[in-house]
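So the sequence lines, in the order shown, correspond to chains A and B.
The numbering of the first sequence is full-length UniProt numbering, which starts it at 1 and goes up by one.
The numbering of the second sequence is full-length UniProt numbering, which starts it at 1 and goes up by one.
Glycine included, each C-beta is placed from N, C-alpha and C at the ideal position.
Structure first, commentary second.
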Amino acid sequence: MGTAPASRDVTSYGMGLAAPLALFFLLFFVAPLLQLFWLSLHNDTAGLHWGLGQYLHFLTDPFSLSVLGSTLLLGAEVTAVCLVLGFPIAWLYQRVGPKLQTVIILIVLLPLLTSVVVRTFAWIVILGRQGIINATLQSLGIIDTPLKLLYTQFGVVIALAQVQMPLMTLPLITALGRIDPNLDDASCSLGAGSWRTFFRVVLPLSLPGVIAGCTLTYAAAITAFITQSLVGGGQMLFMPMYLYQQASTLQNWPFASAISIIFLLAVLAVVSVFTTLGRLSRGYGGA
Amino acid sequence: MAGRKRTLEAFSFELVMTLIAIIALILIIAPSLVVLIVSFTSGFSLKFPPPGYSLRWYAELWDAWQLHFAAKNSLIVALWATGLSVALGVAAALAISRSQALSARLLDSLFMSPLVLPALAFGLAALMLFSLVGLPVSPLTLVIGHTVVCVPYVVRNTVAALAQLEPTLLESSAVLGASRLYTFRRIVLPLIRPGIIAGAFIAFMSSFDNVPVSLFLRDAATDMLPIRMWQDLEGKLDVTIAALSGVLIIATVALVAVMERVTGLSRRLTN
Chain A
1 MGTAPASRDV TSYGMGLAAP LALFFLLFFV APLLQLFWLS LHNDTAGLHW GLGQYLHFLT
61 DPFSLSVLGS TLLLGAEVTA VCLVLGFPIA WLYQRVGPKL QTVIILIVLL PLLTSVVVRT
121 FAWIVILGRQ GIINATLQSL GIIDTPLKLL YTQFGVVIAL AQVQMPLMTL PLITALGRID
181 PNLDDASCSL GAGSWRTFFR VVLPLSLPGV IAGCTLTYAA AITAFITQSL VGGGQMLFMP
241 MYLYQQASTL QNWPFASAIS IIFLLAVLAV VSVFTTLGRL SRGYGGA
Chain B
1 MAGRKRTLEA FSFELVMTLI AIIALILIIA PSLVVLIVSF TSGFSLKFPP PGYSLRWYAE
61 LWDAWQLHFA AKNSLIVALW ATGLSVALGV AAALAISRSQ ALSARLLDSL FMSPLVLPAL
121 AFGLAALMLF SLVGLPVSPL TLVIGHTVVC VPYVVRNTVA ALAQLEPTLL ESSAVLGASR
181 LYTFRRIVLP LIRPGIIAGA FIAFMSSFDN VPVSLFLRDA ATDMLPIRMW QDLEGKLDVT
241 IAALSGVLII ATVALVAVME RVTGLSRRLT N
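Next comes the structure, spelled out in structure tokens:
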């Protein structure tokens, strides 16, 4: 009779153990964000005059809006490329033996742990005027003058897709591993072809993984400051660099705060849309 | 007839999927290989393929005291941030892992939120708060900022390791008369240790590589390695950076290999 409370006692630990980290977060994470929000609601740098001036400035300024728009678009493009390239990797992973599985997972994992500056630097070498792509195309006689690949939207999307690919692939591998392989066989034996089985059975069942991967990839791609600035160069401006310029170079903290809040809200909106989709898909996929 | 159509159809599917997968895997691995090859160039540019091979840029790296200084700073901050993350994160993970209470779920979301929120916005916010309370930027503020963005990795991996733990083990230990502390030391800790190590490893790597938080929270005297590299790359394309990248890539491969042995890192990130 006394075992129920006693067993609960030994298998769980008191919430008090979370107190130090909770306090740490309150002081150094929640408080700074509140302070950021507070300053964004002021029209002057000293924080004396309340007002929505910073937000109005952002939302009525075509330049600011175009920076926000191009950042959100960039995230969508990178996520799409990662999904199209990452899904087949996860699919292949389920098809091969344990040895090759380890090889695939390590190939996917390595970039995740390699320095972002190093990975981005690699793309400068590849996409540059003397880079591999231009050198190859020129030696094959396909082009005469080097193509401009660095400092273009294409360059930024490809580099970011490579940098963020692990974030898409790992959840997909997890999700595909949870699908009962018998469903695949059942679908095929009932007359559906491989393509149809893939789009009607495998893809819907892996939706929780797709959504988890898209969330992580999208959030990482739009905040990837280093890759955006080095591969994009000076002409392309995205939200993180815009924020940094306003805060650091121009010392306009209230406006930088408003940019941060708008950027935070944009990220949160995207994450919650994906989370809602994930909840719906879980009912559908049962995973 | 139908059978042949079926196999052709299945073949086309497998061919397309395998081809895309192989292209994607090459895309993932190629940049690192390119940097490794270029770092051994004998020339002065980042031309690929290099005109000849030599170790000259690695020798150059040996004398690059600015990079040494920055690397040392990054290493020290990463070690402190990782230590703090483990101390705070493991305790928090123990508290929230088996609890279904609303407070535990809310804390879990709070502790994970630095992973999705833009780190640059957090860096600016932390700088503003520190300057408001009169705490000047220093290695201390760097460690605090890094801990906030690195602790989620420790919490997540420790929670995952605790979820795999059989509650009956703890009950048996208690029934046999072990105290809670003794059970923790002799049963729980050995079983979740690989999870903690994996989390600490990822936290360390992400601190060592952090730019957005460091940009705001470092003082002028504390040069950090990724920022130094980034600024060097913005200015000129220096082959010394290629050699440094080579060192970092090889170090990462070696560390991942060790971690794979010790903690089964790859399984941990895909289950």
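Amino acids of chain B, ordered along the chain, whose beta-carbon sits closer than 7 Å to that of residue i
{"i": "A/Ser115", "result": "Asp209, Pro226 and Leu248"}
{"i": "A/Ile132", "result": "Val34 and Phe48"}
{"i": "A/Ile126", "result": "Pro31 and Val34"}
{"i": "A/Phe121", "result": "Val35, Leu233, Ile241 and Ser245"}
{"i": "A/Val202", "result": "None at all; the shortest Cβ gap to chain B is about 10 Å."}
Amino acids of chain A, ordered along the chain, whose beta-carbon sits closer than 8 Å to that of residue i
{"i": "B/Phe122", "result": "Phe29, Pro32 and Leu33"}
{"i": "B/Phe111", "result": "Leu21 and Phe25"}
{"i": "residue 284 of chain B", "result": "Since the first residue shown for chain B is 1 and the last is 271, residue 284 of chain B is missing from the structure and cannot be characterised."}
{"i": "B/Pro114", "result": "Phe29"}
Close Cβ partners of residue i (< 6 Å) along its chain, the five nearest in sequence each way excluded
{"i": "A/Leu277", "result": "Ile211"}
{"i": "B/Ile187", "result": "Leu169 and Ser173"}
{"i": "B/Ile202", "result": "Tyr153"}
{"i": "A/Gly232", "result": "Val156"}
{"i": "B/Asp219", "result": "Val137 and Ser138"}
{"i": "B/Met259", "result": "Phe201 and Leu265"}
{"i": "B/Val86", "result": "Val154 and Ala200"}
{"i": "B/Ser97", "result": "Val159 and Leu162"}
As assigned by DSSP and simplified to three states, the class of residue i
{"i": "A/His57", "result": "helix"}
{"i": "A/Tyr13", "result": "coil"}
{"i": "B/Tyr53", "result": "strand"}
{"i": "B/His68", "result": "helix"}
{"i": "B/Thr270", "result": "coil"}
{"i": "A/Arg45", "result": "Residue identity check: residue 45 of chain A is Thr in the sequence provided, not Arg. If DSSP states are grouped into helix, strand and coil, A/Thr45 belongs with coil."}
{"i": "A/Thr71", "result": "helix"}
{"i": "A/Thr215", "result": "helix"}
{"i": "A/Thr114", "result": "coil"}
{"i": "A/Thr152", "result": "coil"}
{"i": "B/Thr41", "result": "strand"}
{"i": "A/Ala192", "result": "coil"}
{"i": "B/Ser179", "result": "coil"}
{"i": "A/Arg8", "result": "Bear in mind that a pLDDT of 48 at A/Arg8, under 50, signals an unreliable position, so the model cannot answer this."}
Chain A residues whose Cβ lies nearer than 9 Å to that of residue i
{"i": "B/Ala64", "result": "By Cβ distance, chain A contributes nothing, its closest Cβ being about 15 Å from B/Ala64, past 9 Å."}
{"i": "B/Phe13", "result": "Gly193, Ser194, Trp195, Thr197 and Phe198"}
{"i": "B/Thr18", "result": "Pro88, Trp91, Leu92 and Arg95"}
{"i": "B/Val258", "result": "Simply none; closest approach about 12 Å."}
Closer than 7 Å at the beta carbon, the chain A residues around residue i
{"i": "B/Val253", "result": "Leu110"}
{"i": "B/Leu107", "result": "Ala18 and Ala22"}
{"i": "B/Ala126", "result": "Phe28 and Pro32"}
{"i": "B/Thr263", "result": "What B/Thr263 touches in chain A: nothing, since even the nearest Cβ is about 12 Å away."}
Cutoff 8 Å; reference residue i; Cβ partners in own chain excluding five residues on either side
{"i": "residue 296 of chain B", "result": "Chain B is shown from 1 up to 271; residue 296 of chain B falls before or after that span and cannot be answered."}
{"i": "A/Gln228", "result": "Leu74, Val156, Leu160, Met236, Phe238, Pro240 and Met241"}
Nearest-angstrom Cβ-Cβ length linking residue i and residue j, presumed shorter than 8 Å
{"i": "B/Ile28", "j": "A/Ile107", "result": "6 Å"}
{"i": "B/Val213", "j": "A/Val267", "result": "At roughly 16 Å, the Cβ-Cβ gap does not stay under 8 Å, so B/Val213 and A/Val267 are not in contact."}
{"i": "B/Ala95", "j": "A/Tyr13", "result": "5 Å"}
{"i": "B/Val34", "j": "A/Ile126", "result": "6 Å"}
{"i": "A/Ala247", "j": "A/Thr169", "result": "The pair is not a contact, with the Cβ atoms about 34 Å apart (cut-off 8 Å)."}
{"i": "A/Phe25", "j": "B/Phe111", "result": "7 Å"}
{"i": "A/Tyr55", "j": "A/Ala258", "result": "5 Å"}
Residues near residue i in its chain [Cβ-Cβ closer than 7 Å; skip 5 each side]
{"i": "A/Phe274", "result": "Ile211, Cys214 and Thr215"}
{"i": "A/Ala19", "result": "none"}
{"i": "A/Phe87", "result": "Leu172"}
{"i": "B/Asp232", "result": "Asp238 and Ile241"}
{"i": "A/Cys82", "result": "Ala161, Gln164, Met165, Met168 and Thr217"}
{"i": "B/Thr158", "result": "Gly89, Val90, Ala93, Ile192, Gly195, Ile196 and Gly199"}
{"i": "B/Leu36", "result": "Gly246 and Ile249"}
{"i": "B/Ala64", "result": "Thr240"}
{"i": "A/Ser281", "result": "Leu207, Pro208 and Ile211"}
{"i": "B/Thr222", "result": "Asn73, Pro139 and Leu142"}
{"i": "A/Gly53", "result": "Asn43"}
Interface partners of residue i on chain B, CB under 8 Å
{"i": "A/Pro240", "result": "Pro118, Leu120 and Pro212"}
{"i": "A/Ser206", "result": "Correct list: empty, because the minimum Cβ distance to chain B is about 13 Å."}
{"i": "A/Gly86", "result": "Ala24"}
{"i": "A/Val230", "result": "The sequence given here has Leu at residue 230 of chain A, not Val. The answer, in chain order, is Trp230, Leu233 and Glu234."}
Neighbouring residues, chain B, relative to residue i (Cβ below 9 Å)
{"i": "A/Met15", "result": "Ala95, Ile96, Ser99, Ala101, Ser103, Ala104 and Leu107"}
Any non-hydrogen atom of the ligand SAH closer than 8 Å to residue i Cβ
{"i": "B/Arg105", "result": "Among the components of this structure there are no ligands whatsoever, and the ligand SAH is therefore not found."}
For the segment 77–161 of chain B, list the alpha helix (DSSP H) runs that are entirely contained and at least 4 residues long, ordered along the chain.
102–112 and 119–132
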